[in-house]
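If you read the sequence shown in the working numbering, its first letter stands for residue 14, the second for the next number, and so on.
Glycine is no exception: its CB is placed at the ideal position from the N, C-alpha and C atoms.
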Amino acid sequence: MLHQFSRNELAIGTKGLDALRHATVTVVGIGGVGSFAAEALARSAVGKIILIDKDIVDITNINRQLHATTKTIGQSKCEVMKKRILDINPQCIVETLDVFINRDNIDLVFDQNPDFIVEAVDTILIKSLIIMEAFKQQTPIICSMGAANKLDPTAFKIANIWDTRYDPIAKIIRRDLKRAKLGLRKLMVVYSEEKPIVPKAEVLAVIGNAQSHIRKQEIPPSSNAFVPSVVGLICASFVVNEIIANAGVTFERKGNELPNNVKTL
14 MLHQFSRNEL AIGTKGLDAL RHATVTVVGI GGVGSFAAEA LARSAVGKII
64 LIDKDIVDIT NINRQLHATT KTIGQSKCEV MKKRILDINP QCIVETLDVF
114 INRDNIDLVF DQNPDFIVEA VDTILIKSLI IMEAFKQQTP IICSMGAANK
164 LDPTAFKIAN IWDTRYDPIA KIIRRDLKRA KLGLRKLMVV YSEEKPIVPK
214 AEVLAVIGNA QSHIRKQEIP PSSNAFVPSV VGLICASFVV NEIIANAGVT
264 FERKGNELPN NVKTL
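Now the structure itself:
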């Protein structure tokens, strides 16, 4: 019988689909990256998705965040995202935590023993905290690096953080990991070697808040619809492929031959 994941099942089989349906994935940060990652996971049949973010939808989110429209301004990002996911898959268990993660509550990320974590937060300190705790608890994680001030979605790729270049966020996290002396040798991240662009000074003078002590309010980063979305989709693809690989799903690849029903000149 046809269902919303029939096309997924064609590629990954019943075994792969069952693995995803029994998987729990936590997405921390439901913004430009996290919203696309969460929805892609839902459309991939992940059975339980935990959304963590205290933020509400703002008008400046509309250019890049999946849940953001003129009708959702002022609403909880987690709750709007939950509704979208349940519209896609009513059988999905969606839990929301409207909190900002910090040192005191970081256990919330791991309380339900997720099979995977998608780390998509803005604050570098919190990124490092989540990464270190995931390493201590041996929880698989994929992390998004810098998506702001970039224009080329085709430049993003997955790599070990120790092999990244030209990404200022990855550089800071590498420094934090070295100082922590955890012995973490492998951390898969989505990053780009595109050098960040400089925001237009005349626009920054209008929308920036020079009096703020919060950097992204003082110097708001530029963004667009096609970079953070791609980062989120890459994160989700990594999670899905890891889950089905761990379930023992294998694939037979086609060669260069044409199908019998394709006519040639």
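Strand pairing of residue i, partner residues [DSSP]
i      : result
Ile63  : Thr39 and Glu108
Cys156 : Glu132 and Val202
Ser48  : Answer is none; Ser48 lacks a bridge partner.
Ser89  : Ile69
Exposure of residue i, with buried meaning 16 or more beta-carbon neighbours within 10 Å
i      : result
Gly159 : buried
Ala24  : exposed
Met94  : buried
Ile257 : buried
Ala249 : buried
Ala50  : buried
Gly29  : buried
Pro103 : exposed
Lys140 : buried
N- and C-terminal bounds of the alpha helix (DSSP H) containing residue i
i      : result
Asn259 : Pro241 to Asn259
Gly29  : Ser19 to Arg34
Lys184 : Pro181 to Ala193
Ala147 : Ile137 to Gln150
Ala214 : Ala214 to Ile220
Under the three-state DSSP convention, the category residue i falls into
i      : result
Lys170 : strand
Ile232 : coil
Ile69  : strand
Pro209 : coil
Lys163 : coil
Ile114 : coil
Ile119 : helix
Arg77  : coil
Lys96  : helix
Ala238 : coil
Ala58  : coil
Asp124 : coil
The ligand GDP heavy atom lying under 6 Å from the CB of residue i
i     : result
Asn76 : Within the structure as shown, the ligand GDP is missing, as the structure has no ligands at all.
Whether residue i touches residue j by CB criterion (7 Å)
i      : j      : result
Pro234 : Asn162 : yes
Leu279 : Ala53  : The structure shown does not extend to residue 279, since the chain is modelled only from 14 to 278, so the question has no answer here.
Met145 : Ala183 : no
Val38  : Val252 : yes
Ile98  : Cys91  : no
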